[in-house]
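**Student:**
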Amino acid sequence: MSGINYLTQEGYDHLKSALDNLKTVGRQEASKAIAEAREKGDLSENAEYHAAKDAQGMLEMKINDLEKKLMNVRIIDESSIDTSQVVLLANVKLYNQKTKKELVYKIVSEAEADIKASKISASSPIGQGLLGKKVGETAEIITPAGSTFFDILEITNS
489 MSGINYLTQE
499 GYDHLKSALD
509 NLKTVGRQEA
519 SKAIAEAREK
529 GDLSENAEYH
539 AAKDAQGMLE
549 MKINDLEKKL
559 MNVRIIDESS
569 IDTSQVVLLA
579 NVKLYNQKTK
589 KELVYKIVSE
599 AEADIKASKI
609 SASSPIGQGL
619 LGKKVGETAE
629 IITPAGSTFF
639 DILEITNS
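Take the sequence shown: its letter number 77 is residue 565 in the working numbering, and every next letter is one higher.
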(Lines of atoms letter the chains of each structure in order from A and count residues from 1; the text may use other names and numbers.)
(Lines give C-alpha, C1' and ligand atoms only; values in the text may rest on other atoms or scores of the structure.)
Protein backbone atom coordinates (compact mmCIF):
# COMPACT_ATOMS: atom_id res chain seq x y z
CA MET A 1 0.00 0.00 0.00
CA SER A 2 2.28 2.75 -1.19
CA GLY A 3 1.26 6.28 -1.91
CA ILE A 4 -0.04 9.14 0.12
CA ASN A 5 -3.17 8.91 2.27
CA TYR A 6 -4.93 12.25 2.56
CA LEU A 7 -6.88 12.65 5.78
CA THR A 8 -8.55 15.34 7.81
CA GLN A 9 -7.23 15.90 11.32
CA GLU A 10 -10.39 14.19 12.60
CA GLY A 11 -9.80 11.16 10.37
CA TYR A 12 -6.16 10.94 11.44
CA ASP A 13 -7.09 11.15 15.12
CA HIS A 14 -9.71 8.43 14.65
CA LEU A 15 -7.27 6.03 12.96
CA LYS A 16 -4.54 6.77 15.50
CA SER A 17 -6.96 6.09 18.36
CA ALA A 18 -8.10 2.83 16.76
CA LEU A 19 -4.48 1.74 16.32
CA ASP A 20 -3.59 2.58 19.92
CA ASN A 21 -6.65 0.65 21.14
CA LEU A 22 -5.73 -2.44 19.10
CA LYS A 23 -2.15 -2.33 20.33
CA THR A 24 -3.13 -2.09 24.00
CA VAL A 25 -6.59 -3.50 24.70
CA GLY A 26 -6.73 -5.77 21.65
CA ARG A 27 -3.37 -7.39 22.31
CA GLN A 28 -4.18 -7.86 26.01
CA GLU A 29 -7.48 -9.57 25.17
CA ALA A 30 -5.79 -11.80 22.59
CA SER A 31 -3.08 -12.85 25.07
CA LYS A 32 -5.69 -13.55 27.72
CA ALA A 33 -7.76 -15.70 25.32
CA ILE A 34 -4.65 -17.69 24.32
CA ALA A 35 -3.64 -18.22 27.97
CA GLU A 36 -7.15 -19.39 28.92
CA ALA A 37 -7.27 -21.79 25.98
CA ARG A 38 -3.77 -23.11 26.76
CA GLU A 39 -4.93 -24.09 30.26
CA LYS A 40 -7.51 -26.45 28.79
CA GLY A 41 -5.04 -29.14 27.87
CA ASP A 42 -3.51 -30.70 24.76
CA LEU A 43 -2.83 -27.88 22.27
CA SER A 44 -2.86 -30.15 19.21
CA GLU A 45 -6.57 -30.87 19.68
CA ASN A 46 -7.60 -27.64 21.37
CA ALA A 47 -9.95 -25.79 19.01
CA GLU A 48 -10.21 -22.79 21.35
CA TYR A 49 -6.43 -22.38 21.32
CA HIS A 50 -6.27 -22.47 17.53
CA ALA A 51 -9.17 -20.01 17.26
CA ALA A 52 -7.45 -17.66 19.73
CA LYS A 53 -4.19 -17.86 17.76
CA ASP A 54 -6.08 -17.15 14.51
CA ALA A 55 -7.78 -14.16 16.16
CA GLN A 56 -4.37 -12.91 17.30
CA GLY A 57 -3.08 -13.19 13.73
CA MET A 58 -6.04 -11.19 12.43
CA LEU A 59 -5.46 -8.55 15.10
CA GLU A 60 -1.81 -8.21 14.07
CA MET A 61 -2.87 -7.87 10.41
CA LYS A 62 -5.26 -5.02 11.37
CA ILE A 63 -2.52 -3.31 13.36
CA ASN A 64 -0.11 -3.66 10.43
CA ASP A 65 -2.70 -2.28 8.00
CA LEU A 66 -3.40 0.77 10.18
CA GLU A 67 0.32 1.40 10.67
CA LYS A 68 0.81 1.37 6.89
CA LYS A 69 -2.09 3.79 6.39
CA LEU A 70 -0.69 6.18 8.99
CA MET A 71 2.86 5.92 7.65
CA ASN A 72 2.21 8.07 4.57
CA VAL A 73 -0.47 10.43 5.84
CA ARG A 74 -0.84 14.01 4.72
CA ILE A 75 -3.30 16.00 6.80
CA ILE A 76 -5.39 18.41 4.76
CA ASP A 77 -6.79 21.63 6.16
CA GLU A 78 -10.44 21.69 5.15
CA SER A 79 -10.65 25.48 5.28
CA SER A 80 -8.15 25.79 2.41
CA ILE A 81 -10.13 23.65 -0.04
CA ASP A 82 -10.61 25.08 -3.54
CA THR A 83 -14.36 25.06 -4.19
CA SER A 84 -14.18 25.94 -7.88
CA GLN A 85 -14.34 22.21 -8.66
CA VAL A 86 -14.94 18.93 -6.85
CA VAL A 87 -11.80 17.97 -4.92
CA LEU A 88 -10.93 15.82 -1.93
CA LEU A 89 -12.77 17.02 1.23
CA ALA A 90 -15.26 19.12 -0.72
CA ASN A 91 -18.95 18.88 0.09
CA VAL A 92 -20.95 18.43 -3.09
CA LYS A 93 -24.66 19.05 -3.45
CA LEU A 94 -26.00 16.91 -6.30
CA TYR A 95 -29.23 16.32 -8.14
CA ASN A 96 -29.76 12.69 -9.12
CA GLN A 97 -31.56 12.81 -12.48
CA LYS A 98 -32.78 9.23 -12.09
CA THR A 99 -34.37 9.51 -8.64
CA LYS A 100 -35.11 13.25 -8.89
CA LYS A 101 -33.57 13.78 -5.43
CA GLU A 102 -30.94 16.13 -4.08
CA LEU A 103 -28.00 14.63 -2.18
CA VAL A 104 -24.99 16.00 -0.36
CA TYR A 105 -21.75 14.01 -0.23
CA LYS A 106 -18.36 14.78 1.18
CA ILE A 107 -15.50 13.42 -0.91
CA VAL A 108 -12.97 11.77 1.43
CA SER A 109 -10.13 9.29 1.35
CA GLU A 110 -10.85 5.57 1.48
CA ALA A 111 -9.88 5.44 5.15
CA GLU A 112 -12.56 7.98 6.10
CA ALA A 113 -15.38 6.75 3.84
CA ASP A 114 -18.71 6.23 5.64
CA ILE A 115 -21.81 6.13 3.46
CA LYS A 116 -24.10 6.49 6.51
CA ALA A 117 -22.43 9.84 7.22
CA SER A 118 -22.61 10.77 3.49
CA LYS A 119 -18.84 10.52 3.16
CA ILE A 120 -17.83 8.78 -0.05
CA SER A 121 -14.40 7.68 -1.12
CA ALA A 122 -12.66 9.57 -3.89
CA SER A 123 -11.72 6.18 -5.32
CA SER A 124 -15.33 4.95 -5.48
CA PRO A 125 -17.19 5.12 -8.82
CA ILE A 126 -19.21 8.14 -7.64
CA GLY A 127 -16.14 9.86 -6.18
CA GLN A 128 -14.11 9.31 -9.34
CA GLY A 129 -16.97 10.55 -11.51
CA LEU A 130 -17.35 13.74 -9.47
CA LEU A 131 -13.69 14.75 -9.08
CA GLY A 132 -12.82 17.73 -11.23
CA LYS A 133 -16.43 18.64 -12.06
CA LYS A 134 -17.68 22.20 -11.60
CA VAL A 135 -21.01 23.70 -10.58
CA GLY A 136 -23.47 23.38 -13.47
CA GLU A 137 -21.79 20.33 -14.98
CA THR A 138 -23.28 16.86 -15.13
CA ALA A 139 -21.35 13.83 -14.00
CA GLU A 140 -22.06 10.43 -15.52
CA ILE A 141 -21.44 7.67 -13.02
CA ILE A 142 -21.13 4.22 -14.55
CA THR A 143 -22.22 1.40 -12.25
CA PRO A 144 -23.01 -2.27 -12.82
CA ALA A 145 -26.69 -1.30 -12.94
CA GLY A 146 -26.05 1.24 -15.69
CA SER A 147 -25.29 4.94 -15.96
CA THR A 148 -26.58 7.51 -13.50
CA PHE A 149 -26.35 11.24 -14.06
CA PHE A 150 -25.75 13.78 -11.30
CA ASP A 151 -26.01 17.55 -11.77
CA ILE A 152 -23.49 19.48 -9.65
CA LEU A 153 -25.52 22.10 -7.78
CA GLU A 154 -23.05 23.40 -5.20
CA ILE A 155 -19.50 22.84 -3.93
CA THR A 156 -18.51 23.96 -0.43
CA ASN A 157 -15.70 23.31 2.03
CA SER A 158 -17.83 22.91 5.14
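The beta-carbon is built from N, C-alpha and C at its ideal position, and this holds for glycine as well.
Which same chain residues, not among the five before or five after tyrosine 494, have their C-beta less than 6 angstroms away from its C-beta?
**Tutor:** Taking the sequence shown and counting its residues from 1, the one referred to as residue 494 is at position 6. Only Arg562, Ile564, Leu576, Ser597 meet the Cβ criterion.
**Student:** So, with DSSP's three-state summary, where would you put glycine 624?
**Tutor:** By 1-based counting over the sequence shown, the position of residue 624 is 136. Residue state, collapsed to three classes: coil.
**Student:** Pop quiz: leucine 641 and lysine 581 are said to be a contact at Cβ under 8 angstroms. What is the actual Cβ separation, rounded to whole angstroms?
**Tutor:** By 1-based counting over the sequence shown, the position of residue 641 is 153. By 1-based counting over the sequence shown, the position of residue 581 is 93. Rounded, the Cβ-Cβ distance is 4 angstroms, consistent with contact.
**Student:** Compute the distance between the beta-carbons of leucine 547 and alanine 523, then report whether it is under 8 angstroms.
**Tutor:** As a first step, residue 547 must be located in the sequence shown, where it is residue number 59. As a first step, residue 523 must be located in the sequence shown, where it is residue number 35. Not closer than 8 angstroms, so no.
**Student:** Could you check whether glycine 615 and serine 609 sit closer than 8 angstroms to each other, using their CB atoms as the reference points?
**Tutor:** Position 121 of the sequence shown, counting from 1, holds the residue named residue 609. Position 127 of the sequence shown, counting from 1, holds the residue named residue 615. Taking 8 angstroms as the Cβ cut-off, serine 609 and glycine 615 qualify as a contacting pair.
**Student:** Of the choices Lys622, Thr626, Leu507, Pro632, whose alpha-carbon is the least far from that of methionine 559?
**Tutor:** As a working note, residue 559 is residue 71 in the sequence shown. Per the Cα distances, Leu507.
**Student:** I'd like the span of the beta strand (DSSP E) that includes lysine 581, first residue to last.
**Tutor:** Taking the first residue of the sequence shown as 1, we reach residue 581 at position 93. Its beta strand (DSSP E) spans residues 579–584.
**Student:** Below 8 angstroms on the Cβ atoms is my guess for asparagine 584 versus threonine 636; work out the distance and round it to an integer in Å.
**Tutor:** Within the sequence shown, residue 584 is the residue found at index 96, counting from 1. Within the sequence shown, residue 636 is the residue found at index 148, counting from 1. That belief holds up - the Cβ atoms of asparagine 584 and threonine 636 are roughly 7 angstroms apart, short of 8 angstroms.
**Student:** Smallest Cα separation from threonine 455: which of Ser568, Leu619, Lys621, Lys586?
**Tutor:** Outside the shown range of the chain, which is 489 to 646, sits residue 455, and nothing can be said about it.
**Student:** Per the DSSP calculation, valine 596 is bridged to which residue(s)?
**Tutor:** As a first step, residue 596 must be located in the sequence shown, where it is residue number 108. Bridge partners of valine 596: Ser609.
**Student:** Quick check on valine 592: buried or exposed, where buried means 16 or more other Cβ atoms within 10 Å of its Cβ?
**Tutor:** As a working note, residue 592 is residue 104 in the sequence shown. Per the 10 Å Cβ criterion, exposed.
**Student:** Is it the case that the Cβ atoms of lysine 557 and asparagine 579 are separated by a distance below 8 angstroms?
**Tutor:** Here residue 557 refers to the residue found at position 69 when the sequence shown is read from its first residue. Here residue 579 refers to the residue found at position 91 when the sequence shown is read from its first residue. Contact flag unset, no.
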